[in-house]
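Protein chains in written order, with this note's numbering: chain A, 1 to 116; chain B, 1 to 146.
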């Protein structure tokens, strides 16, 4: 069941973004930024958590989960330290993804030549 | 033939961007990516005995590594032309934007090329994510009381 929900959720998010891209003048950069903000907004009210429970990795893979993970890291520490915790914990959960992406981008740029 | 008729014929014969077909393709491919990563999550959880939360992070890392390598090999751009935002909206697009930026500006040097441009596109995602979290987080802490 989770597989079907993962398919539906991830597919729907991608489809909505493609419809926005095709019918407006927004670029992929605009749409990804918009989706991160939407993910953060949904997570503040605990909605995205429920989606993750039902859809599993289907909800973790789209860029909306980046906002969700930022909120989670920040709010976990903020519940102990108060508003200051927002600053301490914000990258707690996304650190793995960002650091691996940085290292991969750097190493691959050293090895490969750009293709045009 | 006057100008209006000509315009009509031009309008009739220019290939329309078929957004319904694009939407269907992205729905299918995006859905397959979601389903595949759920499968991968279950594989990590059962074979490596990781908790579900950590195997979720591992799935994201796997996708990042895969898409970075595909970008460096030049395959990813070809796939994006076919499957469009099905590959841009998942975390693969984030890794793709960083690797393609570093490859493109490689010639300008290690610091001014790779270093200065690595976050050229991914920076917007981080910027608006962080600003949104501070904004929403303060609202939740101060107005809703945590």
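Positions of the beta carbon are idealized from the N, C-alpha and C atoms, including for glycine.
With three or more CB-CB distances shorter than 8 Å, the region 41 to 50 of chain A counts as touching the region 130 to 142 of chain B. CA-to-CA, the gap between residue 28 of chain A and residue 50 of chain A works out to about 27 Å. With its beta carbon at least 7 Å from every one in chain B, residue 46 of chain A lies outside the interface. In this structure, residue 66 of chain A lies near residue 36 of chain A, with their beta-carbon atoms less than 7 Å apart. In the three-state DSSP reduction, residue 28 of chain A falls in the helix class (H, G or I). Measuring C-alpha to C-alpha distances from residue 101 of chain A to each of B/51, B/49 and B/69 identifies B/69 as the nearest. Look at residue 90 of chain B here: in three-state DSSP terms it is strand.
With a cut-off of 8 Å on Cβ pairs, the region 47 to 63 of chain A is in contact with the region 24 to 38 of chain B, counting three or more such pairs. Counting only Cβ-Cβ distances below 7 Å, residue 84 of chain B has contacts in chain A at 18, in chain order. Membership of residue 1 of chain A in any alpha helix (DSSP H) is not indicated, and neither H nor E is assigned to it by DSSP. Burial check for residue 6 of chain B: the Cβ neighbour count within 10 Å stays below 16, so the residue is exposed.
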